[in-house]
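Taken in order, these protein sequences are the chains called A and B. Per the working numbering, residue 1 is the first one in the first sequence, and the count goes up by one each step. Per the working numbering, residue 308 is the first one in the second sequence, and the count goes up by one each step. A virtual CB, placed ideally from N, CA and C, is assigned to each residue, including glycine. Note that the coordinates shown come from a computational prediction; the quantities given were computed from them, not determined experimentally. So the structure is just underneath, and the comments pick up after that.
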Amino acid sequence: MIIIYLKYAVKRFKQCSVALTRVISSDQYENIILLMTLIMVLLYMQHSRILMGVIILFVPVAILFTRVLKSSHYWAILTIFIIVGFYQLIHSADNHTYLTVYWIIAIALSFQTKQRMESISLNARLLIGLCFGFATIWKILSPEFIDGTFFHFTFLTDPRFFDIAELIAGITPDIRHANLDSYNMIKSSTERKEIVQLISPPSLSTLSIFIAYWTVVLEGWIAVAFLAPVDSKISKYRDIPLLIFMITTYPIATVRGFATLLAVMGFAQCRGNNSKMRIIYLFIFLLVPIFSLPIVRMIIDFFNIFS
Amino acid sequence: MKRDKLLRTFTPFLLIAVAVLQLYLVYTKNLTPWKGGGFGMFASIDRMERRPVHLTVHYLNKRYVANPVQLLSSNRKYERIQSMPHYSILKEFATSAYKTLWIVDSLNKPVSISGDFQNNSLDDKRLFKIKPVSSPGKELKNNLIRPDSVTVEVFRMIYSTNTNQLAIKRLNKITVSEK
């Protein structure tokens, strides 16, 4: 019965893929990139009142009317407002918010060029490459990352990593509650603690170092692959490390805005008739909300049933 | 053609310029690696939210612990102090604390705080000694504190995997007084 269902699912998936390939390979490709960008802005960029106002006023109009969507004036005005709104947050904005602003600027400027799609595609590729390039440089420059301290500490105190810490290092709820109490005490501006003791299982050090090296290698691979000349061999397979990164990172560190942006830019940088990759990026774009599900928690609970 | 090339490559160059500036600010002005558009997130434990800000009010040879959050009108200003605690930002904040009239929290109860700061695991044993007041009633006037000086310190966290000890290290300190 399960096999029949699986066969049917595969068949339907193939049919959907063929239909999508037609759409994605056509003139609609550019419209899809612009629409994906606007949907991402609408969902994940309302960080301040100004930005919220601009986005709610401007973005739905272009989503509804193709003529507005493809207007260079529209993108110029949207970009100016987003830069003004973003400036208010410049001290506290996350890096993916910076990257989103760059991406919108790149689209607006591409509208002023003769080969618009070429320009959008080039910018998508370079922005991904540079983002991961600087991320890799930072990790190499940071001794506390290379020696595993960063992940060790993160597994002990960052609630986003508690489930994976339980799965791979056996950090129990009791240990993490004790660690969180100590951490909150030293973090407080009024408790005035200068030193606290955390509890950590011995196996965590080795695991943390392994994950640190894995991250540097993967992010470095993405940077090199996306910044290398497009005709080179490493550039030809550049989507592989990016997809590995997205699939292995975002179900744990649920930064949905960044995952969506990478899916949009990944989709936009696919050159020629690489429609398979475009479909994969499009699926990831649509499935990003699933990353918010406690996937690791579900795995732990699943194994607990049988243990 | 040149115009086209410029338009096509402007944004990547903008990213590089901002990222290089961020590197400079991290190493010279204590900007947290997580902020500033340099893509240093998930590289250091020195996150903005993990930087404790200590505000101490000095009055008649006594030191009072104050909650810095109470002085600020928005979380964004507090984030600014945490993300890049350089001299001018700290001086502005310390001066406003110095000009503020404070009062001993005689009830020894937590002073109300809002937003994300509620997550700081507050219990009933308060360390808050004083709180700011704008228009004190007559009955409170004897308890008022007009600071002799105010000290603001910003710290970062340091973690040792050998000892599993989490400590704080001062990034910057400023004292503002009448002198």
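- Task: Could you check if residue 280 of chain A is buried or exposed, using at least 16 other CB atoms within 10 Å of its CB as the buried criterion?
- Result: Flag for residue 280 of chain A reads buried.
- Item | Exposure of residue 473 of chain B, with buried meaning 16 or more beta-carbon neighbours within 10 Å | Buried, since its Cβ has 16 or more Cβ neighbours within 10 Å.
- Using 8 Å as the limit for Cβ to Cβ distance, is residue 296 of chain A near chain B? Residue 296 of chain A does not count as touching chain B.
- Message: So if DSSP puts residue 460 of chain B in a beta bridge, which residue, or which two residues, is it bridged to?
- Response: Residue 460 of chain B pairs with B:361 and B:480.
- Query: Which residue comes first and which comes last in the alpha helix (DSSP H) that contains residue 406 of chain B?
  - Reply: Going by DSSP, residue 406 of chain B is part of the alpha helix (DSSP H) stretching over 394 to 406.
- So with Cβ pairs under 8 Å, would you call residue 37 of chain A a contact of chain B? The beta carbon of residue 37 of chain A sits no closer than 8 Å to any beta carbon of chain B.
- Message: Using a Cβ distance threshold of 8 Å, determine whether the stretch 94 to 105 of chain A contacts the stretch 253 to 264 of chain A, with at least three qualifying pairs required.
- Response: The stretch 253 to 264 of chain A and the stretch 94 to 105 of chain A touch, with three or more beta-carbon pairs separated by less than 8 Å.
- Query: Is residue 415 of chain B buried or exposed, if buried means 16 or more other CB atoms sit within 10 Å of its CB?
  - Reply: Low per-residue confidence applies at residue 415 of chain B: pLDDT is 45, beneath 50, and the placement is therefore not dependable, though the value from the model is reported in the following sentence. Exposed.
- Query: Do you know how far the Cα of residue 217 of chain A is from the Cα of residue 248 of chain A?
  - Reply: Taking the straight line from one Cα to the other gives about 14 Å.
- Message: Taking DSSP's pairing of strands, which residues face residue 474 of chain B in a bridge?
- Response: Per DSSP, the beta-bridge partners of residue 474 of chain B are A:195 and B:465.
- Task: On a CA-only basis, which of A:193, A:133 and A:84 is nearest residue 350 of chain B? Give me that one, please.
- Result: Of the candidates A:193, A:133 and A:84, the one whose C-alpha sits nearest the C-alpha of residue 350 of chain B is A:133.
- Under 8 Å between C-beta atoms of residue 222 of chain A and residue 242 of chain A: The answer is yes: Cβ separation under 8 Å.
- Task: Mind checking which residues open and close the alpha helix (DSSP H) that includes residue 176 of chain A?
- Result: From DSSP, the alpha helix (DSSP H) with residue 176 of chain A extends over 173 to 187.
- Task: Measure the beta-carbon distance from residue 458 of chain B to residue 476 of chain B and round it to whole angstroms, keeping in mind my assumption that it falls under 8 Å.
- Result: 17 Å between Cβ atoms; not a contact.
- Assigned exposure category for residue 206 of chain A - 16 Cβ within 10 Å defines buried: By the neighbour-count definition (other C-beta atoms within 10 Å, threshold 16), residue 206 of chain A is an exposed residue.
- Please report the Cβ distance between residue 127 of chain A and residue 454 of chain B, rounded to the nearest whole angstrom; I am assuming they are in contact, meaning their Cβ atoms lie under 8 Å. Not a contact, Cβ separation roughly 49 Å.
- Item | Candidates B:451, B:383 and B:338: closest to residue 393 of chain B by CA position | Measuring from the Cα of residue 393 of chain B, the nearest candidate turns out to be B:338.
- Query: Buried or exposed: where does residue 66 of chain A fall if 16 or more other Cβ atoms within 10 Å of its Cβ makes it buried?
  - Reply: It counts as exposed.
- For residue 76 of chain A, the first and last residue of its enclosing alpha helix (DSSP H): Element bounds for residue 76 of chain A: 72 to 87.
- Query: For residue 298 of chain B, does the three-state DSSP call read helix, strand or coil?
  - Reply: Residue 298 of chain B falls outside the range modelled here, since chain B spans only 308 to 486, and no answer is possible.
- Please report how far the alpha carbon of residue 304 of chain A lies from the alpha carbon of residue 152 of chain A, in whole angstroms. Approximately 25 Å, taken between the alpha carbons.
- Message: What would DSSP say about residue 439 of chain B, mapped onto helix, strand or coil?
- Response: If DSSP states are grouped into helix, strand and coil, residue 439 of chain B belongs with the strands.
- Continuous alpha helix (DSSP H) stretch holding residue 257 of chain A: start and end: Start and end: 256 to 269.
- Item | Length of the line joining the Cα atoms of residue 89 of chain A and residue 331 of chain B | So the alpha carbons of these two residues sit roughly 20 Å apart.
- Message: Counting only Cβ pairs nearer than 7 Å, list the residues of chain B close to residue 106 of chain A.
- Response: Residue 106 of chain A reaches chain B at 318, counting residues in chain order whose Cβ is nearer than 7 Å.
- Message: Would residue 71 of chain A and residue 362 of chain B qualify as a contact pair, given that the criterion is a beta-carbon distance under 8 Å?
- Response: At a Cβ-Cβ threshold of 8 Å, residue 71 of chain A and residue 362 of chain B do not count as neighbours.
- Taking C-beta to C-beta, are residue 199 of chain A and residue 175 of chain A nearer than 8 Å? Yes, the Cβ-Cβ distance between residue 199 of chain A and residue 175 of chain A is below 8 Å.
- Any chain B beta carbon closer than 8 Å to residue 131 of chain A: It does; some Cβ of chain B falls within 8 Å.
- Task: Express the C-alpha separation of residue 366 of chain B and residue 403 of chain B in angstroms, rounding to a whole number.
- Result: CA-CA distance, residue 403 of chain B to residue 366 of chain B, rounds to 16 Å.
- Query: Under the three-state reduction of DSSP, which class applies to residue 452 of chain B: helix, strand or coil?
  - Reply: The answer is strand: DSSP assigns residue 452 of chain B an E or B state.
- Just reading off the alpha helix (DSSP H) that residue 47 of chain A is part of, what are its end residues? Element bounds for residue 47 of chain A: n/a, residue is neither H nor E.
- Query: Taking Cβ positions only, does residue 393 of chain B come closer than 8 Å to chain A?
  - Reply: By this cut-off, residue 393 of chain B is not an interface position.
- In three-state DSSP terms, what is residue 410 of chain B? In the three-state DSSP reduction, residue 410 of chain B falls in the strand class (E or B).
- Task: Report the neighbours of residue 471 of chain B on chain A: residues whose CB is nearer than 8 Å to its CB, in chain order.
- Result: Ordered by position in chain A, the residues that pass the 8 Å Cβ test against residue 471 of chain B are 197, 198, 199 and 200.
- Within the 8 Å Cβ cut-off, does residue 333 of chain A reach chain B? The requested residue 333 of chain A does not occur in the structure, where chain A is confined to residues 1 to 307.
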